[in-house]
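Trainee: Input: one structure, supplied below.
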Amino acid sequence: GIEGKYSVEDIPLPENFLPVHPFDHGNFDGRDEALLAWPRTEEAVRDLLRVYYSVIEDMDAQIGRIVEALEFRGQLDNTLIIFTSDHGMACGSHGLRGKQNMYEHTINIPFVMAGPGIPTGVTTDAQIYLRELYPTTCDFAGVKIPNTVTSESFASVLDFPYLPHHRDVYGYFKNTQRMVRTEDDWKLIHYPQIKEWQLFHLKNDPFETRNLAYSDDGEAKLQLLKLKEKLKAWRITLNDPAEP
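Encoded structure:
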C-alpha cells in the first residue's frame, strides 16, 4: 500500500521533537495522544511520520487526478481550486502526537488558491480563519454574502497580499488552552487550568523551542504584557468560562 513508500531510517526527527511535553497541556488522555505510547521514542515518531508523509504524497497525486479531469472536461478555467486543511498534526513535535494544541504545526495550515482572477506565484503572510472561506467564495462567485454571516471575506488579500487581514488571530481548545498570534509573529499560549504561559517569537524561533514567558528580556516582557491584555479582552467579549 501507500504506507510502505518510505523507510523509517530515512525519516528525520522534527527539530522540536521531545519524548514528553513539558507539562500537561490538557489532553494527555485524549484520543490522539493515547495512540502513541509515552514517552515518545525516536523510532515510533519516525514510523508515524513515514505513514504521514506517504498519505500526503498520495493525496497530492489524487488532487492531480482531479485537476486533470477538470482540464479534460474543459472546466479548469472556470473552477476555483482551494487546497487547505482543518489542522495539522504534531507527529512527535513538542512530545505530542495529535492536533489538540496551539503550536504552529497544528494551527499554521496550508492554504492554496488557484483559478480565474487569482494571481499566480504570489504568497502572503496575512492571517485568516477557515470560517472565512464561505464569504470569500461568495465574493469570487459573485454571490451576495448573507446577512447572517459574521465572518469576513479575505478576497482582498489576493489583490493586496502585503496588507494584513487580521492583525491578531485567536484560538482555543476546550477550557484548557487559549492563544493569540500577532501579525508581527509573536504568539502567547495560556493554559488556564494550570496557570502556565508560553511566549514565542516565531520569526526567531519558528519551531517554538524557546519559551520567553519567564524571560528577563525587556522586549519579551513587553510583548507578554501586551498579549496578555489582548487575550483578556478577547475572552471578555466571548464570556469565556475558563479560569482567568
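Numbering of the sequence shown is given in my numbering, commencing with residue 583 and proceeding in unit increments. Just so it is clear, CB atoms sit at the ideal spot from N, CA and C, and this is done for glycine as well. Everything numeric in this text was worked out from a predicted model, so none of it was measured.
For a minimum of 4 consecutive residues, which ranges assigned as the alpha helix (DSSP H) are wholly contained in the region 669-708?
Mentor: 686-689
Trainee: Can you list, in chain order, the residues of its chain whose CB lies under 7 Å from that of Gln682, leaving out five sequence neighbours each side?
Mentor: Asn609, Gly612, Asp614 and Phe755
Trainee: Give the C-beta separation of His747 and Trp768 to the nearest angstrom, bearing in mind that I take them to be a contact with Cβ-Cβ under 8 Å.
Mentor: Contact doesn't hold; Cβ gap of about 17 Å is too wide.
Trainee: Compare the beta carbon distance of Pro717 and Ser733 with 8 Å and say whether it is the shorter of the two.
Mentor: yes
Trainee: Let me know the secondary structure DSSP gives Ile638 once reduced to three states.
Mentor: helix
Trainee: Can you give, in chain order, each stretch of the beta strand (DSSP E) that sits fully within the region 744-790 and has at least 3 residues?
Mentor: 750-755, 759-764, 768-773 and 778-783
Trainee: According to DSSP, simplified to helix, strand and coil, what is Thr666?
Mentor: strand
Trainee: Is it a yes or a no for the region 658-669 touching the region 690-701, going by three-plus beta-carbon pairs under 8 Å?
Mentor: yes
Trainee: Look at the alpha carbon of Ala616 and the alpha carbon of Phe605, and state the distance between them as a whole number of angstroms.
Mentor: 16 Å
Trainee: Under 8 Å, do Ala795 and Trp779 count as touching if we go by C-beta distance?
Mentor: Contact check for Ala795 against Trp779 passes: the beta carbons are separated by less than 8 Å.
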